[in-house]
Each structure stands twice: as C-alpha cells, then as structure tokens.
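*Asks:* Each residue of the sequence shown is one higher than the last, beginning at 10 in the working numbering.
Glycine included, every Cβ here is placed at the ideal spot set by N, Cα and C.
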Amino acid sequence: MTSFIKAPKVPTELLELQTRPLSPHKGSYRIALLIPLCGSAGLWAPSCISSAQVAVEELNRGGGVDGRKVQLIMIDAAMEASISIEEIVNDLIETGSIDAIVGMHISAIRQRLSKVVRQRIPYVYTPLYEGGESTAGLFAIGETPQEQLGPSMDLIQDQYRPKSWALIGNDYVWPRISHLFAKSKLRARSIDLAYEKYLPFGSRNMAQYVAEIAASKAEAVLISLVGQDAVAFNRAFGGAGMHTQMVRLSCAVEENGLLAAGSRNSKRLFAASSYFAALPTEANAAFKELYYGLHGDQAPALNAIGQSTYEGVHFLAGLMQDHANHWREHCVSDVLPVIHRSGRKRLSSNTSERPPVYLARADGLKFEVIKEL
10 MTSFIKAPKV
20 PTELLELQTR
30 PLSPHKGSYR
40 IALLIPLCGS
50 AGLWAPSCIS
60 SAQVAVEELN
70 RGGGVDGRKV
80 QLIMIDAAME
90 ASISIEEIVN
100 DLIETGSIDA
110 IVGMHISAIR
120 QRLSKVVRQR
130 IPYVYTPLYE
140 GGESTAGLFA
150 IGETPQEQLG
160 PSMDLIQDQY
170 RPKSWALIGN
180 DYVWPRISHL
190 FAKSKLRARS
200 IDLAYEKYLP
210 FGSRNMAQYV
220 AEIAASKAEA
230 VLISLVGQDA
240 VAFNRAFGGA
250 GMHTQMVRLS
260 CAVEENGLLA
270 AGSRNSKRLF
280 AASSYFAALP
290 TEANAAFKEL
300 YYGLHGDQAP
310 ALNAIGQSTY
320 EGVHFLAGLM
330 QDHANHWREH
340 CVSDVLPVIH
350 RSGRKRLSSN
360 TSERPPVYLA
370 RADGLKFEVI
380 KEL
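(1) For the beta strand (DSSP E) holding residue 301, just list the boundary residues, first then last.
(2) Report back the beta-carbon spacing between residue 63 and residue 38 to the nearest angstrom; my notes put them in contact at under 8 Å.
(3) Whole angstroms is fine: what's the gap from residue 111's alpha carbon to residue 78's?
(4) When the distance is taken between beta carbons, is residue 138 closer than 8 Å to residue 386?
(5) Could you tell me which of 174, 84, 173, 130 sits nearest to residue 103, measuring between CA atoms?
(6) Tell me whether residue 334 is buried or exposed, calling it buried when 16 or more other Cβ atoms sit within 10 Å of its Cβ.
(7) Is the Cβ-Cβ distance between residue 227 and residue 175 less than 8 Å?
(8) What beta strand (DSSP E) runs, 3 residues minimum, are completely inside the stretch 154-219?
(9) For a test of the three-state rule: what should DSSP assign to residue 128, helix, strand or coil?
(10) Who pairs with residue 371 in a beta bridge, going by DSSP?
(11) State the beta-bridge partners of residue 83 as determined by DSSP.
(12) Measure the CB-CB distance between residue 320 and residue 339 and report whether it falls below 8 Å.
(13) Going by C-alpha to C-alpha distance, which of 108, 76, 80, 127 sits closest to residue 95?
(14) Considering only residues of the same chain and omitting the five flanking positions on each side of residue 342, which have a CB-CB separation below 7 Å?
(15) Go ahead and label residue 8 buried or exposed: buried means 16 or more other beta carbons lie within 10 angstroms of its beta carbon, across all protein chains shown.
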C-alpha cells in the first residue's frame, strides 16, 4: 500500500512521495488530501495542493489541530487513477495512519468513499456539488445548483434572452443533477431545451459536439464538463467561432481552465462561483497575501477549486476545535456551527449566511467579476 500516488503532470516539488505504509502515531495530525492528480480533473491539482498548504502553514504556526502539527498526505482521487481509492482509504483508516480527510474530487468518488469512511474519521468535502449530501460525519461545504446555477441562469436569461439552451456535461452525478435543476428552470420560464449530452471523461473530438450544438440552434450553452474536458470543449467552441451565435455559462470553469483554453476561445464565456482570484474583498486580499507569500509570484493560479481545499482544512480545524466529541452524529446540513477561515469571507460559519455567489465574464486570460448574484 502507498499513501500517495504520484502523477507525472504535477510538479514534483509540490508533492510528498511516501514509498512505505504510514505508521500510526500521535506525533502529527495527518490529513489525507484527496485530489485528482491525473485525468480530466488533474488540471486542478497544483492549485489544490498549494492552497491546502497555506492552511497547514497557518495552523502549524498556532496549535495545529488537537495540539498536533498538521501533515498533508496526498492521494490521487481521480476517476482515471489506476488504484482503488476505497481500499487505500480503508487501509489508512484501519491502521490509524490518517486522522481526517479533506476531499476535492468529483461526487462519484465521494459517494463511493462515504460507504467506506463510515464516521471513523471526519470527512470534509470541499467543491461545488449537486447537493443533498446528508451522511453523518461527512461535511460537504461547497455550493449547490440552487445557490450557484439558478441565479446565474436567471441573469443570463434576463440579459441575453436566449430562446433555447444546450446542456453538455460529463457523465456522472453532478452534471446530471445540475442539468435536472437547469431543465426545471427552463420549463418554469417556458424556454426550450435544444440539446443535451453527457460525455465520458477524456472524450475526444469535441468539435463533433460543438457542431451538434450549432445544428441545434441553441442560443446559450451550459457547460458542466470537468477540467481538461472543459478546456478541450472551449477550444473547439472558440475555434468554430460559436461565440457569435451563443453565450456560454459554467459553474466549473475556473482560472486554470481559462488559461488553458486561451483568450481567443473564451469570448462571451461566463462563470458562476463564490470565489474568483479577482474578488476585491478583505478576505481574499488576506488569502492572496498568504498564498503568494508562501509560494511566490509564480504559484499556481488561484481559483475556486483550490480555495476550497484551503477552506476545507480550516473547516476541519474548526470542527475539531468546537465539536470534537460529537461530529459523528452530524453533517453540514445540520445546525452545527463551525467557525473557520476562508478566502471568501474573513470568518465563515456553515450555518450562518452563506458566502455570496458571483457571476464573472472571461476577459482575456482572467475573469472579471461583474455582479454579485
């Protein structure tokens, strides 16, 4: 068993490769950081690792967690990984090698792991997701379609008045549930659904799907593709000049994806999120100062996916500080206030007012935040 599976595209200086099983001990508080290190979502790994490291640095300057210094153990949680994530996590828990999980991975992995972790250690799930998670001991802190997708679709519809929409996403739970919600929004406003498609990860020939969307005569497209798949789609979309015919909206395209797609392929591309690197907030200014102070000016791009791991580590620390004796009976939908640091708000509580969601428009190689939703 290994505690970390190295991926060739992730800079080696960010990774800690363990070649032997971890020994259980109380010298440090070990957090398994579950992130995709390969495949379509591997694009996000450097930002996720770098952001989590900032939280660890802050905690270790204080009392750590449970009076112990924090150590990150990185594990590849990509769908495409050639490992059994359930076996690795179960072995690490059984041997007392990890104390908690912070996971930034797709919902299909969360659903599999929720059957394995079983309240033995706290599990904080950080990214946007489809909603509805109520597993005790599993704390999903990201935005749901009702918070993120609904208001952004309304704004696009009100401003651009598309007569029909196309929906395209990867074939797993988050895109499908998000699109069910999107279709309910369209029906409520008597807007046509012109096209709907779900693709396996790593699909080739995105030009084919762009051509199909063009033939559908849709005037807006909701993109629920992940990581590199979204990059490939936006490149094909821009290459076909489709921005002249329709607007694009995504809840998952972030700054890494924007850089990879290129400015000429990102015209009339909108993104909805509760965090952007360009947010002019006090909390974000403080987070960016810490982030670039630790990693330097050439650090991986700041984005919502990475910020979520920073917030997830701090959420875990707040959970264990205030609720160490009874977290097993609760989930994030319960009334269990957890005060924690965030790049979105100076101090955030999961049961108080949620951080606002913003709509941003691609402006070259960066996002311009245009409205709080």
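*Replies:* Taking the definition as stated:
(1) The count along the sequence shown starts at 1 and reaches residue 301 at position 292. No beta strand (DSSP E) contains residue 301, which is instead part of the alpha helix (DSSP H) from 291-304.
(2) Sequence index remark: in the sequence shown, residue 63 carries index 54 (1-based). Sequence index remark: in the sequence shown, residue 38 carries index 29 (1-based). About 17 Å separates the two Cβ atoms, so there is no contact after all.
(3) For the purposes of this step, residue 111 is taken as residue 102 along the sequence shown, with counting starting at 1. For the purposes of this step, residue 78 is taken as residue 69 along the sequence shown, with counting starting at 1. Roughly 16 Å separates the two Cα atoms.
(4) Beyond the ends of the chain as shown, which are 10 and 382, falls residue 386; an answer cannot be given.
(5) For the purposes of this step, residue 103 is taken as the residue at position 94 of the sequence shown. In terms of Cα proximity to residue 103, the closest of 174, 84, 173, 130 is 130.
(6) Stepping through the sequence shown from its first residue, residue 334 is reached at position 325. With fewer than 16 Cβ atoms within 10 Å of its Cβ, residue 334 is classed as exposed.
(7) As a first step, residue 227 is located in the sequence shown; it is residue number 218 there, counting from the start. As a first step, residue 175 is located in the sequence shown; it is residue number 166 there, counting from the start. Yes.
(8) Runs found: 173-179, 201-208.
(9) Reading the sequence shown from its first residue, position 119 is the one you call residue 128. Coil.
(10) Looking up residue 371 in the sequence shown gives position 362. Its beta-bridge partners are 376.
(11) To locate residue 83, count along the sequence shown from 1; it is residue 74. DSSP lists 42 as partners of residue 83.
(12) In the sequence shown, counting from the first residue as 1, residue 320 sits at position 311. In the sequence shown, counting from the first residue as 1, residue 339 sits at position 330. Taking 8 Å as the Cβ cut-off, residue 320 and residue 339 do not qualify as a contacting pair.
(13) Within the sequence shown, the letter at position 86 stands for residue 95. When 108, 76, 80, 127 are compared, the shortest CA-CA separation from residue 95 is found for 127.
(14) Along the sequence shown, read from residue 1 onward, the residue named residue 342 stands at position 333. Around residue 342: 143.
(15) With the chain covering 10 to 382 only, the question about residue 8 has no answer from this structure.
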